[in-house]
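Data first, discussion second: the structure below is written as structure tokens.
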Amino acid sequence: MSGARRIAIYGKGGIGKSSTASNVAAACADEGYSVTIIGCDPKSDSSITLLNGRRIPTVMDLIRQKVDLNEENVVYEGYKGVRCVEVGGPEPGVGCAGRGIIVAVTALTKITSVLTESDLVIYDVPGDIVCGGFSAPIQKGLVSEAYILSSGEYMPIYAANNICKGLLKLNMPLSGVICNSRNVPREEEIITEFASGIGSTLVAFIPKDNIVQDCERDGFSVIEKAPDSAIAGVYRRLARAIMNCERKTIPRPMEDASLRELLMIHDTRNKT
Ligand code: ADP
Ligand code: MG
277 MSGARRIAIY
287 GKGGIGKSST
297 ASNVAAACAD
307 EGYSVTIIGC
317 DPKSDSSITL
327 LNGRRIPTVM
337 DLIRQKVDLN
347 EENVVYEGYK
357 GVRCVEVGGP
367 EPGVGCAGRG
377 IIVAVTALTK
387 ITSVLTESDL
397 VIYDVPGDIV
407 CGGFSAPIQK
417 GLVSEAYILS
427 SGEYMPIYAA
437 NNICKGLLKL
447 NMPLSGVICN
457 SRNVPREEEI
467 ITEFASGIGS
477 TLVAFIPKDN
487 IVQDCERDGF
497 SVIEKAPDSA
507 IAGVYRRLAR
517 AIMNCERKTI
527 PRPMEDASLR
537 ELLMIHDTRN
547 KT
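Counting in the numbering used here, the sequence shown runs from 277 upward without gaps.
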């Protein structure tokens, strides 16, 4: 074991952060690690596949209901003892998700030790950099490394580069780029080039496979429901890479022109 990991997973909304986070959590639990997952997205769906489809009360809900927070009403055990917390979000149309994350994370540090006493803590952070929510767990000193998830498509890569700008500002090291495939032509090549462009590496290429959605619909991770599938093997390898990662670097965002060039080449390739 090479030390405890406190990671945040970033990437455009809908790119697969929660699926990846929950499958990595399950794979690490299988290996005997103590794991905590902190869902920071207002969708509060990071832990649902570790809890057989059950939704847990969110920290923001409890705060709104003026319930006293304690470990029992906030931290729930899921698959193989993975500890699950959902921060939740503001009521739609009112309030700010970022502010909620700050409030919830501050409250959490006071009532539970799972944030510091787990082999792996995964923060599943909301999609795009829109507000303070992006940096809340980092600024609280709770995260020590980040991973960026992207496919080879234009928008997720563009978002990934913006995330790098945020990480650079916060002086937060990046441990790698994870490709969650959308079956774009030459996707692995594009994302490898992007990863190297920002001074990082591609740590996993997760294929697009409907089994992820099928398991999710039934309330399970792939690790739990389809442990012998090829994609379960990919998540297991990614989990090991995360637990054993030794190379972290503060990312260097790509210049707009180089990024456009990379994406334009890719666009032409798509059309041929
Ligand atoms: P995010 O948390 O980034 O918003 P999700 O993890 O909720 O994204 O993923 C969005 C959708 O894509 C979900 O329905 C999920 O099941 C599906 N998905 C994620 N990864 C894969 C994959 N590798 N293959 C197929 N579907 C996937
Ligand atoms: Mg999500």
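Cβ atoms here follow ideal geometry from the backbone N, Cα and C, with glycine treated the same way. Predicted, not measured: the structure shown is a model, and the values here were computed from it.
Beta-carbon separation of residue i and residue j under 8 angstroms?
{"i": "residue 454", "j": "residue 482", "result": "yes"}
{"i": "residue 401", "j": "residue 285", "result": "yes"}
{"i": "residue 529", "j": "residue 444", "result": "yes"}
{"i": "residue 296", "j": "residue 397", "result": "no"}
{"i": "residue 323", "j": "residue 298", "result": "yes"}
{"i": "residue 419", "j": "residue 283", "result": "yes"}
{"i": "residue 303", "j": "residue 515", "result": "yes"}
{"i": "residue 422", "j": "residue 451", "result": "yes"}
{"i": "residue 553", "j": "residue 358", "result": "The structure shown does not extend to residue 553, since the chain spans only 277 to 548, so no value can be given for it."}
{"i": "residue 501", "j": "residue 494", "result": "yes"}
{"i": "residue 521", "j": "residue 325", "result": "no"}
{"i": "residue 474", "j": "residue 446", "result": "no"}
What does the Cβ neighbour count give for residue i, buried or exposed, with the cut at 16 atoms within 10 Å?
{"i": "residue 277", "result": "Note that residue 277 scores 42 on pLDDT, short of 50, meaning its location in the model is unreliable; the coordinates nonetheless yield the value given after this. Looking at its Cβ environment, which holds fewer than 16 other Cβ atoms inside 10 Å, residue 277 is exposed."}
{"i": "residue 480", "result": "buried"}
{"i": "residue 506", "result": "exposed"}
{"i": "residue 315", "result": "buried"}
{"i": "residue 317", "result": "buried"}
{"i": "residue 294", "result": "buried"}
{"i": "residue 548", "result": "Legend: pLDDT at residue 548 = 49, less than 50; position of this residue unreliable, value from coordinates given subsequently. With fewer than 16 Cβ atoms within 10 Å of its Cβ, residue 548 is classed as exposed."}
{"i": "residue 308", "result": "exposed"}
{"i": "residue 508", "result": "buried"}
{"i": "residue 343", "result": "exposed"}
{"i": "residue 367", "result": "exposed"}
Going by Cα to Cα distance, which pick from the options is closest to residue i?
{"i": "residue 496", "options": "329, 476 and 309", "result": "329"}
{"i": "residue 381", "options": "416, 306, 393 and 302", "result": "416"}
{"i": "residue 435", "options": "499, 325, 313 and 536", "result": "536"}
{"i": "residue 331", "options": "351, 347, 522 and 383", "result": "351"}
{"i": "residue 349", "options": "367, 421 and 388", "result": "388"}
{"i": "residue 288", "options": "385, 438 and 347", "result": "438"}
{"i": "residue 472", "options": "486, 459, 512 and 538", "result": "538"}
{"i": "residue 440", "options": "458, 456 and 470", "result": "470"}
{"i": "residue 448", "options": "376, 347 and 524", "result": "524"}
{"i": "residue 384", "options": "356, 301 and 347", "result": "347"}
{"i": "residue 486", "options": "333, 457 and 386", "result": "457"}
{"i": "residue 375", "options": "532, 410, 519 and 356", "result": "410"}
{"i": "residue 345", "options": "356, 379 and 488", "result": "379"}
{"i": "residue 504", "options": "478, 488 and 518", "result": "488"}
{"i": "residue 424", "options": "459, 353, 518 and 341", "result": "518"}
{"i": "residue 628", "options": "540, 377 and 356", "result": "Outside the displayed span of the chain (277 to 548) sits residue 628, for which this structure offers no information."}
{"i": "residue 310", "options": "333, 341 and 353", "result": "353"}
Can you give me the start and stop residues for the beta strand (DSSP E) that residue i sits inside?
{"i": "residue 400", "result": "396-400"}
{"i": "residue 284", "result": "281-286"}
{"i": "residue 421", "result": "421-426"}
{"i": "residue 456", "result": "450-456"}
Hey, quick one: how far does the alpha helix (DSSP H) through residue i stretch, first residue to last?
{"i": "residue 470", "result": "463-473"}
{"i": "residue 520", "result": "506-520"}
{"i": "residue 433", "result": "430-446"}
{"i": "residue 338", "result": "335-340"}
{"i": "residue 305", "result": "293-306"}
{"i": "residue 491", "result": "487-493"}
Is the closest heavy atom of the ligand GTP to the C-beta of residue i under 7 angstroms?
{"i": "residue 298", "result": "The ligand content of the structure shown is limited to the ligand ADP and the ligand MG, which means the ligand GTP is not among them."}
Is the Cβ of residue i closer than 8 angstroms to any Cβ of chain D?
{"i": "residue 454", "result": "Protein chain content of the structure displayed is limited to a single chain, and chain D is not contained in it."}
| query | Can at least three beta-carbon pairs, one atom from the segment 463-473 and one from the segment 419-437, be found at a separation below 8 angstroms? | reply | yes
| Is it a yes or a no for the segment 353-367 touching the segment 327-344, going by three-plus beta-carbon pairs under 8 angstroms? | yes
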